[in-house]
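In what follows, a structure is listed as structure tokens, so that the remarks can point back to it.
In full-length UniProt numbering, the protein residues as written are 1 to 153.
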């Protein structure tokens, strides 16, 4: 029963925005699982569910595997809203950001974990992005430019 119920919980949070344990309890009851709030609470802990803030600032339960997509969206948003220009040299990409936003944008770039990027150095409004191979500079610079354009559409 427990395995079946926990599988159903995962299915519910995958398909619906569940904001509270009470909502999850109602969904389980509607699916034929007669459980208490204490059982739901234990299941949440055992399944290692977390609360994440989605669009509109509302929080809902998610699994750790779903956090990647949410995190990727946030990373892209930080990048788009911070970076103003992209310039290149032999093995470096130089990004200009809004004042005081270079650190946040560099963290976003690092979180993208692109294998072509060796690392970033951020000041106040400038980021140096070191690229492994010269041929990758244009590829990565164009990826950055595409990310910036997503903000304008």
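Glycine is no exception: its CB is placed at the ideal position from the N, C-alpha and C atoms.
Residue i - partner residues in DSSP beta bridges
| i | result |
| --- | --- |
| residue 62 | 50 |
| residue 95 | 86 and 127 |
| residue 158 | Because the chain is modelled from 1 through 153, residue 158 falls outside the range shown and cannot be assessed. |
Classification of residue i by the beta-carbon crowding that lies within 10 angstroms, buried from 16 upward
| i | result |
| --- | --- |
| residue 151 | Confidence is the limiting factor: at residue 151 the pLDDT is only 48, short of 50, which leaves the residue's position unreliable, though a coordinate-based value still follows. Result: exposed. |
| residue 121 | exposed |
| residue 108 | buried |
| residue 27 | buried |
| residue 43 | buried |
| residue 75 | buried |
| residue 62 | buried |
| residue 86 | buried |
| residue 118 | exposed |
| residue 137 | buried |
| residue 139 | exposed |
| residue 153 | A caution first: residue 153 carries a pLDDT of 47, below 50, which makes its placement in the model too unreliable to give a value. |
| residue 90 | exposed |
Reference residue i; option with closest CA among the options
| i | options | result |
| --- | --- | --- |
| residue 98 | 106, 47 and 42 | 106 |
| residue 4 | 21, 49 and 33 | 33 |
| residue 58 | 149, 19 and 29 | 19 |
| residue 2 | 135, 85 and 46 | 46 |
| residue 124 | 94, 112 and 115 | 94 |
| residue 112 | 144, 134, 90 and 89 | 144 |
| residue 128 | 7, 88 and 60 | 88 |
| residue 60 | 15, 29 and 92 | 15 |
| residue 48 | 96, 31 and 9 | 9 |
| residue 147 | 133, 132 and 73 | 73 |
| residue 133 | 142, 126 and 92 | 92 |
Checklist entry - At a cut of 8 Å, does the region 47-54 reach the region 92-108 through at least three beta carbon pairs? => result No: the two stretches stay apart, fewer than three of their Cβ pairs being nearer than 8 Å.
Checklist entry - Does the region 71-85 come close enough to the region 32-39 to have 3 or more Cβ pairs within less than 8 Å? => result Cβ pair count under 8 Å is below three, so no.
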